[in-house]
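Notes for the one structure printed next.
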Amino acid sequence: MEPFTLVLANGTTLTGLTNLSGVGGPTSPPFKPLLVGIHGGTYSSAYFDVDAKHTAALASNALNVPWVGIDRPGYKGTTSFYPIHPGSSYPEMDGDWLHKFILPAIWGEFGEPQGCNSMVLLCHSLGVPAAVIAAATLAEEAASPASYPLSGIILSGFGTQLAAGQGPPQIAEGSAPPEFANVPLEIKDAIMLPPGTCDPSVYEHTARLNTHCRFEEVNDIHAVWIPRVKVAWAPRVRVPVMIGLAERDCFWAGNAVHLKDFVAAFTESPSVSAGLIKGAPHNLEMSLWSQGWYARCFGFALECAAYFGVALRT
1149 MEPFTLVLAN GTTLTGLTNL SGVGGPTSPP FKPLLVGIHG GTYSSAYFDV
1199 DAKHTAALAS NALNVPWVGI DRPGYKGTTS FYPIHPGSSY PEMDGDWLHK
1249 FILPAIWGEF GEPQGCNSMV LLCHSLGVPA AVIAAATLAE EAASPASYPL
1299 SGIILSGFGT QLAAGQGPPQ IAEGSAPPEF ANVPLEIKDA IMLPPGTCDP
1349 SVYEHTARLN THCRFEEVND IHAVWIPRVK VAWAPRVRVP VMIGLAERDC
1399 FWAGNAVHLK DFVAAFTESP SVSAGLIKGA PHNLEMSLWS QGWYARCFGF
1449 ALECAAYFGV ALRT
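Residue numbers (this note's numbering): 1149 to 1462.
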């Protein structure tokens, strides 16, 4: 993939990776989505381009669907939104930045020039809250011209019910919260990609792919996301949703009960496609399920673009 840097409307910087050169031509779909990757915590846009076998570029090239992976605010070269505004939270600031500045810029720079009719977000783990909040905010602005045409969102590595034993980060009594929530690399591999769930060569990329993650980002899963997602954000989403829940997710309950609960939160979505991915770990895109998962995501994005395009005609 190719790196990019954009200056956003608020004067800040956005970085990431694109796969555009291998798409296009006579086999392009009649309604073409721009698929945008939104990474989770401790990773960057490179999470979606690990190596030749674990990359969104394979499906992007095969199906002629343009791909843009962003570095979320505060990751790699993308400007941070810190400090968090009084009365707000990490996911709300992340979602607001995504909605107001990042997605409009991506659409103008990549979506329209590539002949796309809409945008679909592929979100992993801590990238999910920002996307859901952005989609909910966009839905409420339907009366005015949209700054980007969102036609669907894809969610994995997140949800509404935590796995057994998962709780808020622990801070020693009398201590200030740390700036970052760091995970030792050997532990990170052991829980996000347990042995037997990925090609052993993937572990060679662990250090290169690793980056910092703000403490508030992790803490606000418990303090903000779980208490509010089913009331404040998911019910306001009005585009198709696809959810992939890994059975062996280390952070979230990998079972049908949780999947049903997460699906039920999207009460206003025209459709919610969901599946429990048997045997799969948290990091789907880096696992043995990678190519199958990407194929499903790009296929869903094409369906969303077709639904969006036909709806505009009627």
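Glycine included, C-beta positions come from ideal geometry on N, C-alpha and C. Computed from a prediction, not measured in an experiment: that's the story for all the values here.
Under the DSSP definition of a beta bridge, which residues are partnered with residue i?
i            : result
residue 1401 : In DSSP, residue 1401 forms no bridge with anything.
residue 1203 : 1197
residue 1358 : Paired residues: none, contrary to the question.
residue 1110 : Absent from the structure is residue 1110, since the part of the chain shown begins at 1149 and ends at 1462.
residue 1177 : Answer is none; residue 1177 lacks a bridge partner.
residue 1393 : 1424
residue 1185 : 1217 and 1270
residue 1162 : 1154
residue 1429 : 1396
residue 1265 : Residue 1265 is not bridged to any residue.
residue 1328 : 1362
residue 1367 : Note: residue 1367 sits in no beta bridge, so no partner.
Please tell me whether residue i has its Cβ less than 7 Å away from any Cβ of chain C.
i            : result
residue 1250 : Absent from the structure is chain C; it holds one protein chain and no more.
Which value, in whole angstroms, describes the spacing of the CA atoms of residue i and residue j?
i            : j            : result
residue 1296 : residue 1330 : 34 Å
residue 1239 : residue 1271 : 13 Å
residue 1178 : residue 1454 : 8 Å
residue 1282 : residue 1175 : 32 Å
residue 1346 : residue 1247 : 34 Å
residue 1300 : residue 1323 : 42 Å
residue 1389 : residue 1377 : 15 Å
residue 1255 : residue 1185 : 13 Å
residue 1362 : residue 1233 : 15 Å
residue 1357 : residue 1226 : 16 Å
residue 1312 : residue 1403 : 12 Å
residue 1235 : residue 1294 : 26 Å
residue 1438 : residue 1447 : 14 Å
residue 1224 : residue 1152 : 12 Å
residue 1335 : residue 1314 : 15 Å
residue 1202 : residue 1287 : 33 Å
residue 1342 : residue 1196 : 19 Å
residue 1418 : residue 1321 : 47 Å
residue 1326 : residue 1307 : 25 Å
residue 1099 : residue 1381 : The chain is shown only over 1149 to 1462; residue 1099 falls outside these bounds and no answer can be derived.
residue 1242 : residue 1355 : 25 Å
residue 1318 : residue 1211 : 45 Å
residue 1375 : residue 1462 : 38 Å
So residue i packs on residue j, CB below 8 Å; how close in whole Å?
i            : j            : result
residue 1284 : residue 1385 : 5 Å
residue 1163 : residue 1219 : 5 Å
residue 1215 : residue 1200 : Actually they are not in contact, since the Cβ atoms of residue 1215 and residue 1200 sit about 15 Å apart, beyond 8 Å.
residue 1452 : residue 1268 : 5 Å
residue 1250 : residue 1182 : About 13 Å separates the two Cβ atoms, so there is no contact after all.
residue 1213 : residue 1449 : 6 Å
residue 1429 : residue 1340 : 6 Å
residue 1413 : residue 1383 : 7 Å
residue 1420 : residue 1298 : At roughly 15 Å, the Cβ-Cβ gap does not stay under 8 Å, so residue 1420 and residue 1298 are not in contact.
residue 1265 : residue 1457 : 5 Å
Within its chain, find whatever has a CB closer than 6 Å to the CB of residue i; leave out the 5 residues flanking it on each side and keep chain order.
i            : result
residue 1198 : 1353 and 1434
residue 1150 : 1166
residue 1370 : 1316
residue 1194 : 1357
residue 1158 : 1249
residue 1445 : 1270 and 1302
residue 1168 : 1214
residue 1350 : 1434
Between which residues of its own chain and residue i is the CB-CB distance below 7 Å, once the five residues before and five after are set aside?
i            : result
residue 1263 : 1180
residue 1257 : 1154
residue 1274 : 1188, 1189 and 1365
residue 1392 : 1304, 1423, 1425, 1432 and 1441
residue 1427 : 1395 and 1396
residue 1245 : 1221 and 1229
residue 1372 : 1237 and 1239
residue 1191 : 1357 and 1359
Near residue i, which residues of its chain fall below 8 Å by C-beta distance, leaving aside the five closest residues on each side in sequence?
i            : result
residue 1443 : 1207
residue 1309 : 1400, 1401, 1405, 1406, 1409 and 1410
residue 1415 : 1382 and 1383
residue 1333 : 1354, 1355 and 1358
At 4 residues or longer, and completely inside the region 1211–1259: list those alpha helix (DSSP H) runs for me, N to C. You should have 1238–1245 and 1251–1254.
Length at least 3, wholly inside the region 1291–1324: the beta strand (DSSP E) runs in chain order: Correct list: 1298–1304.
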